[in-house]
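>
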Amino acid sequence: MNILIVDDDRDKRIYIIKFLKELQMGFNIIQKKSIINGLRELKYNNNIDLVILDMSMPKYDITPQDHDGGGFESFGGKEFLTQMSIRGLSFPTVVVTQFEIFGKDNNKRTLNSLDNEFKKSFPKFYLGSIPYNTTLEDWKINLKKIIIRNFYE
Amino acid sequence: MYNSNDQITKLESIEGLVKCLIKNGEIDKASKMFCKSYIKNRISIHKFPVKLICKELHRKIRYKSTIYVPIIFSIYTSEYNDKYLSDQGYSMELYLEKNNINDFKCLLNIKRFTDQKSVEYFLEHVFTPNSMKGTIIYNNSNEIESLRISICQFLIENKIGNNKKLLQELKNRSRNLVINNANTQISNTKIYYDLEYIRNKTKREHKFLFKKYIKSLKNDYSNDNDEIQLNIYLDDLNKRIDKNPEFENNRYESLLDLHLENLFLNKKNDIFMSLLREVRNEFTDGLKGLGGYLSTRIKHGMLETHFRKALLEDKLIYKLKDGSYYWGNELYEHKSKVDNLLDTFSDKFMSIISNVIGQWLQLNKIDPGISKLVRSKNNGLFNCSISNLLSFYLQKQLDKKSSYDDFLELSLDWLEKTTDKNLKEIQVNFEKRLIPEFQDIFNELNVGLVNLNNNYGLRVSEISTAVTSSQQKLIKSIRICSEWFMRNIHMKKEKYDFDAVLESVDFSLSLCSEKTVNGIYPINAAKLTYYQDIIYMLYTNAIKHSGCNKDETNLKCKIYIKNKLIIIKVTNNCIFQSKIKRKNRKLKLYKNIYSKTKSIEKLKREGGTGIYKIQKIIKEDLGLNYICKLKYKNDSFFQVKLKIIL
Chain A
30 MNILIVDDDR DKRIYIIKFL KELQMGFNII QKKSIINGLR ELKYNNNIDL VILDMSMPKY
90 DITPQDHDGG GFESFGGKEF LTQMSIRGLS FPTVVVTQFE IFGKDNNKRT LNSLDNEFKK
150 SFPKFYLGSI PYNTTLEDWK INLKKIIIRN FYE
Chain B
8 MYNSNDQITK LESIEGLVKC LIKNGEIDKA SKMFCKSYIK NRISIHKFPV KLICKELHRK
68 IRYKSTIYVP IIFSIYTSEY NDKYLSDQGY SMELYLEKNN INDFKCLLNI KRFTDQKSVE
128 YFLEHVFTPN SMKGTIIYNN SNEIESLRIS ICQFLIENKI GNNKKLLQEL KNRSRNLVIN
188 NANTQISNTK IYYDLEYIRN KTKREHKFLF KKYIKSLKND YSNDNDEIQL NIYLDDLNKR
248 IDKNPEFENN RYESLLDLHL ENLFLNKKND IFMSLLREVR NEFTDGLKGL GGYLSTRIKH
308 GMLETHFRKA LLEDKLIYKL KDGSYYWGNE LYEHKSKVDN LLDTFSDKFM SIISNVIGQW
368 LQLNKIDPGI SKLVRSKNNG LFNCSISNLL SFYLQKQLDK KSSYDDFLEL SLDWLEKTTD
428 KNLKEIQVNF EKRLIPEFQD IFNELNVGLV NLNNNYGLRV SEISTAVTSS QQKLIKSIRI
488 CSEWFMRNIH MKKEKYDFDA VLESVDFSLS LCSEKTVNGI YPINAAKLTY YQDIIYMLYT
548 NAIKHSGCNK DETNLKCKIY IKNKLIIIKV TNNCIFQSKI KRKNRKLKLY KNIYSKTKSI
608 EKLKREGGTG IYKIQKIIKE DLGLNYICKL KYKNDSFFQV KLKIIL
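So the protein lines, in turn, are chains A and B.
Here the first sequence is numbered in this note's numbering, starting from 30 and rising by one per residue.
Here the second sequence is numbered in this note's numbering, starting from 8 and rising by one per residue.
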């Protein structure tokens, strides 16, 4: 099973990969650090079985020449899902995020409300969202549940 | 009706036609007709069912590759909202890809399916960074900005579109690109030393010592104990390196680790060791050595500001006028408890930064032979110490015929390679020690918040989001900062101006100063950082001594370039000052406070040394004369005036 992780947070990626390896289910893991590079991977790689997506991330990879990667997007995950939808890239996707609230001022959204919106907008491939916290184990249980329910049952 | 000379009748016929075409499922024809009409007469938009057209195009977007689709989505974005922004980018990508358009200039040659006016509109209004960012064609925002600049230039040159608007856009985008380049240039030159100056200075001062060393070679020291011992150890090390060639890269490190204790050096070895120390000291602590620039460009507030910036955006350590924390006030019912948590966090945060500046980034020159005799431990990661074996090894690379230049090049090569190793060591420590140290205090803060939630029902979701966001930003900042610790080998050839300098200082300090620049003075890339250092220190001094919060300090910088003079005036407000005349008399002392001998020590220190460093930069690094005036303009305004003579 091929899993694509799209997340700009290196430490979070490492934790997720460590957990996936612990499951010993023979996952092949690909990592991308920005919206555009994640989308490129999906466009040119048809063998992805699951996308683990962050919610807030930059447009492009952060490099010494591009320190903010074209701008950090609080709703980067939403844009990613929208682009997947219009491009017909219907790969099963789960959102794993550290934040409970996104955006600022009048544009503020909770993870719950975004989850509801995604369920309605992307029913073909959106599997759900998982709050991530390094100090808690819940995210591991939830991620495992989603993988088993969607790919092994 | 369509051919009518009456514009209203004609427009009504087009409107009717478009609606019919949509009903008949002929969305391509409808799109084309609407686009052409809109481009001719922009106010006609309200006549057309734009939302319906977009909805239809959205459904079938993957099968569309005409220029009209991205145009329509961009019209929707500019007239209504961002609902179809992703479609705008994707449809542009499809149009470019499916029509094999690799260069925007060839767009004007495509006349088969597209009318000239639509292509021109597309270039002017649709082929913008807004659309480009929605494609997966480009690799970064710099590439996008550069391409848009080329498009603007092309349109202006060919008198296409609104020239005045395009000129303004070109000016703004070029400006941003220059500032971006300037910031990169400044980041890449934080680690610096002037090798040419060091060469010339040591040549002047230590040549006589080298002659003494060459003279000493006439004597035979082969039976001296130190000579025998050092040879044995060196042979042993060489054999080990021969067996394991990969150790070659760590030769200097191994030589440093193998210091022979209590070894009395003969005259030859002693002179060579002294020579090496002199060059090392000039390299680390000299007027244009590593230590001074390290202090000015990284340790003097820069690193702290950079790290704090990551936390201030989410107001985590942001204090209000009354000294309490923003988040304490937001969660008012538990104010004192939240304030306490943030106080502890803030103290630990600052203590980590102090440790980095005060310990890690120190230059360690305590040679292994005397390190045990020195009480204060130096944890500096810039390890430039010299062991007797290292000195002996370097000595062996020279022979009787070697010149002082040979010695100097050998020593500088060792120092540069050692610096590279030290810089890598700092980067590793930032990743492996600094990030975990910060993560620990964030975890403690999180646990504290969870406890407050469990025990007192604190609403933690918003502050927890701020904590997580700050943590992520800080880690990114550390990794960006880690890139400062590289030696810049390739210097750009671009020229910059004072606007770029001022913008880059504003960016570093996250502020928005009032800036005026009159006159032009091209600054070459090699000198850019010096001017940035000057303005940066003037600003940080102003903020520090104003007695106001950073947010309340209004900074004005006026720069005039005329008659071979650069006049820099930085004015700031400050808390009420009494006895201004007396204070201004005292400030006259700073007029020309720089003197080579006195300043070297100050250059390596942080705190209360900004004005010395500024004067040193002008005098020594830029090689220019200056007049520096500091004064209170009145009881609530302070001004520094630098007159630099070109």
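Backbone N, C-alpha and C define an ideal beta-carbon position, used for all residues, glycine too.
With a 10 Å radius around its C-beta and 16 neighbouring C-beta atoms as the bar for buried, classify residue 300 (chain B) as buried or exposed.
buried
> Locate the beta strand (DSSP E) running through residue 56 (chain B), then write down its first and last residues.
Per DSSP, residue 56 (chain B) belongs to no beta strand (DSSP E) and is neither H nor E.
> Here's a check: name, in chain order, each residue in its chain whose Cβ is nearer than 6 Å to the Cβ of residue 151 (chain B), leaving out the five neighbours to either side.
136, 139, 145
> Express the C-alpha separation of residue 19 (chain B) and residue 54 (chain B) in angstroms, rounding to a whole number.
8 Å
> With a threshold of 7 Å between beta carbons, is residue 510 (chain B) in contact with chain A?
no
> Which residues does DSSP pair with residue 60 (chain A) in a beta bridge?
When DSSP reads this structure, residue 60 (chain A) sits in a beta bridge with A:34.
> With 7 Å as the threshold, decide whether the Cβ of residue 126 (chain A) is near any Cβ in chain B.
no
> Hey, how far is the Cα of residue 245 (chain A) from the Cα of residue 331 (chain B)?
Past the edges of chain A, shown from 30 to 182, lies residue 245 (chain A), and the structure says nothing about it.
> Residues in the same chain with beta-carbon distance under 8 Å from residue 407 (chain B), minus the five sequence neighbours each way, listed in chain order, please.
Excluding residues within five positions, the ones whose Cβ falls inside 8 Å are 221, 224.
> What does a CB cutoff of less than 6 Å around residue 48 (chain A) pick up in its chain, not counting 5 residues either side in sequence?
169
> Should residue 651 (chain B) and residue 631 (chain B) be called a contact, given that it needs their Cβ atoms to be closer than 7 Å?
For the 7 Å CB-CB criterion, residue 651 (chain B) and residue 631 (chain B) form a contact.
> Hey, residue 80 (chain B) and residue 94 (chain B): beta-carbon distance below 7 Å or not?
yes
> In the structure shown, what three-state DSSP assignment does residue 399 (chain B) receive?
helix
> Is there a C-beta anywhere in chain A that falls below 7 Å from the one on residue 94 (chain B)?
yes
> How about the segment 430-449 of chain B and the segment 361-371 of chain B: do they share at least three Cβ pairs that are nearer than 8 Å?
yes
> I need the DSSP call for residue 645 (chain B), collapsed to helix, strand or coil.
Correct three-state label for residue 645 (chain B): strand.
> Residue 490 (chain B) versus chain A: which residues are under 8 Å apart at the beta carbon?
93
> What residue from B:622, B:76, B:73, B:147 has the CA that sits closest to residue 92 (chain A)'s CA?
The shortest C-alpha separation from residue 92 (chain A) is found at B:147.
> What is the DSSP secondary structure of residue 361 (chain B), counted as helix, strand or coil?
helix
> Thinking C-beta only, is residue 639 (chain B) closer than 7 Å to residue 574 (chain B)?
no
> Establish whether the CB of residue 89 (chain A) and some CB of chain B are separated by less than 7 Å.
yes
> So who's on the other strand from residue 158 (chain A), going by DSSP bridges?
A:124
> Residue 289 (chain B) and residue 209 (chain B) - do their beta-carbons sit closer together than 7 Å?
yes
> Check each candidate in B:141, B:116, B:39, B:100 and name the one with the smallest Cα separation from residue 100 (chain A).
B:141
> I want to see whether chain A comes within less than 7 Å of residue 479 (chain B), judged by CB atoms only; does it?
yes
> Would the beta-carbon of residue 124 (chain B) fall within 7 Å of that of residue 46 (chain B)?
yes
> In terms of DSSP beta bridges, what is residue 86 (chain A) paired with?
A:102
> In the DSSP assignment, find the unbroken beta strand (DSSP E) run with residue 565 (chain B) in it and report its ends.
First-last of the beta strand (DSSP E) with residue 565 (chain B): 562-569.
> For the beta strand (DSSP E) that contains residue 580 (chain B), what are its first and last residues?
Going by DSSP, residue 580 (chain B) is part of the beta strand (DSSP E) stretching over 572-580.
> Would you check if the distance between the CB atom of residue 60 (chain A) and the CB atom of residue 43 (chain A) is smaller than 7 Å?
no
> Leaving out the 5 sequence neighbours to the left and right, which residues in its chain are closer than 6 Å to residue 79 (chain A) when beta-carbon positions are compared?
32, 121
> Along the chain, where does the beta strand (DSSP E) that runs through residue 524 (chain B) open and close?
Counting along the chain, the beta strand (DSSP E) containing residue 524 (chain B) begins and ends at 521-525.
> Run the CB neighbour count on residue 178 (chain A), radius 10 Å, all protein chains shown included, and call it buried at 16 or more, exposed below.
Residue 178 (chain A) should be labelled exposed.
> Among B:86, B:287, B:50, B:247, which residue has its Cα nearest to the Cα of residue 15 (chain B)?
Comparing alpha-carbon positions, the option among B:86, B:287, B:50, B:247 lying closest to residue 15 (chain B) turns out to be B:50.
> Near residue 430 (chain B), which residues of its chain fall below 7 Å by C-beta distance, leaving aside the five closest residues on each side in sequence?
198, 492, 493, 494
> Using DSSP's beta-bridge definition, name the partner residues of residue 370 (chain B).
Residue 370 (chain B) is bridged to B:389.
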